[in-house]
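Scroll down for the structure; my scribbles are underneath it.
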Ligand SMILES: [Zn+2]
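Residue numbers (this note's numbering): 1358 to 1562.
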């Protein structure tokens, strides 16, 4: 089995009065995570882990700072981009492990639902995604949420496996189209597919 490994890290500050999005779920909480997109710290860390596994840059290289298309964007789009990169490099996910670090809310009661959602977005089984959470003991960082993610990927050898991956990517593309339609209607921005990345390590997402 030819394998590679990728690591991702992300952090966002809590801000009152905005929706809290973690792992593709909207969580009931008085504060959300501030960011240019929906601030989904978990999906951003996984996106970087997958891109890192195939040395395809990072989230900021594909979604440049200040691009109005990604204002309040659903971070499932970023994850989709990482899946496309993974597929075109000829790899698929073996497993993903993550650790969230945040003071509140408690993740444990919703970790199962979150794993199911992320597994769905990645087109993998729930046993292939782990989501752990801990509080920032001794760090004095109760106002931010951080996430570490690591992904093991393996080279795809069977043509049938590539077909299955394509189906997942295509489903995700449809999601992306829906979101782009919404964005263009809200912001009056012309609809446009993600084009070739400009390498840029700045991450404002
Ligand atoms: Zn982020």
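Even for Gly, the Cβ is constructed at its ideal location relative to N, Cα and C.
query: Secondary structure at residue 1520, three-state DSSP: helix, strand or coil?
result: Position 163 of the chain shown, counted from the start, is the residue given in the question as residue 1520. Reduced to three states, the DSSP call for residue 1520 is helix.
message: Can you list, in chain order, the residues of its chain with a C-beta nearer than 7 Å to that of residue 1365? Leave out the 5 residues immediately preceding and following it.
response: Sequence index remark: in the chain shown, residue 1365 carries index 8 (1-based). 1402, 1403, 1404, 1405, 1406, 1409, 1506.
message: Quick check: what's the CA-CA separation for residue 1397 versus residue 1432?
response: Residue 1397 sits at position 40 when you count from the first residue of the chain shown. Residue 1432 sits at position 75 when you count from the first residue of the chain shown. When rounded, the distance between both Cα atoms is 6 Å.
field: Terminal residues of the beta strand (DSSP E) in which residue 1367 lies
entry: Residue mapping note: residue 1367 aligns to position 10 of the chain shown, counting from 1. Its beta strand (DSSP E) spans residues 1360-1373.
Any non-hydrogen atom of ligand 2 closer than 7 Å to residue 1392 Cβ: Ligand 2 is not part of this structure, which contains only ligand 1.
- prompt: Using the beta-carbon count (16 or more within 10 Å), is residue 1552 buried or exposed?
  reply: Looking up residue 1552 in the chain shown gives position 195. With a pLDDT of only 47 at residue 1552, under 50, the local geometry of the prediction cannot be trusted, and no value is derived from it.
In DSSP terms, what residue 1507 is bridged to: Locating residue 1507 in the chain shown gives position 150, where the first residue counts as 1. Note: residue 1507 sits in a beta bridge opposite 1364, 1454.
field: Cβ-based neighbour list, residue 1486, same chain, cut-off 6 Å, excluding 5 preceding and 5 following
entry: Position 129 of the chain shown holds residue 1486. Only 1453, 1472, 1475, 1476 meet the Cβ criterion.
query: Of all the options 1502, 1534, 1439, which has the alpha carbon lying nearest to the alpha carbon of residue 1480?
result: The residue given as residue 1480 occupies position 123 in the chain shown. Nearest of 1502, 1534, 1439 to residue 1480, Cα basis: 1439.
field: With 16 other Cβ atoms within 10 Å as the buried cut-off, status of residue 1445
entry: As a first step, residue 1445 must be located in the chain shown, where it is residue number 88. That one is exposed.
field: Neighbourhood of residue 1375 by C-beta distance below 6 Å, restricted to the same chain and skipping five residues each side
entry: Position 18 of the chain shown holds residue 1375. Answer for residue 1375: 1389, listed in chain order.
task: Assuming residue 1449 and residue 1522 form a contact by the criterion Cβ under 8 Å, report the distance between their Cβ atoms to the nearest whole angstrom.
output: As a position in the chain shown, residue 1449 is number 92, starting the count at 1. As a position in the chain shown, residue 1522 is number 165, starting the count at 1. Contact check for residue 1449 and residue 1522: beta-carbon distance about 6 Å, within the 8 Å limit, so the pair qualifies.
field: Closest by C-alpha distance to residue 1501, when choosing among 1362, 1361, 1363, 1371
entry: The residue given as residue 1501 occupies position 144 in the chain shown. Considering only alpha carbons, the answer is 1371.
message: Going residue by residue through the stretch 1380-1440, where are the continuous alpha helix (DSSP H) segments of at least 4 residues, counting only ones entirely within it?
response: Complete alpha helix (DSSP H) runs here, min 4: 1398-1410, 1416-1419.
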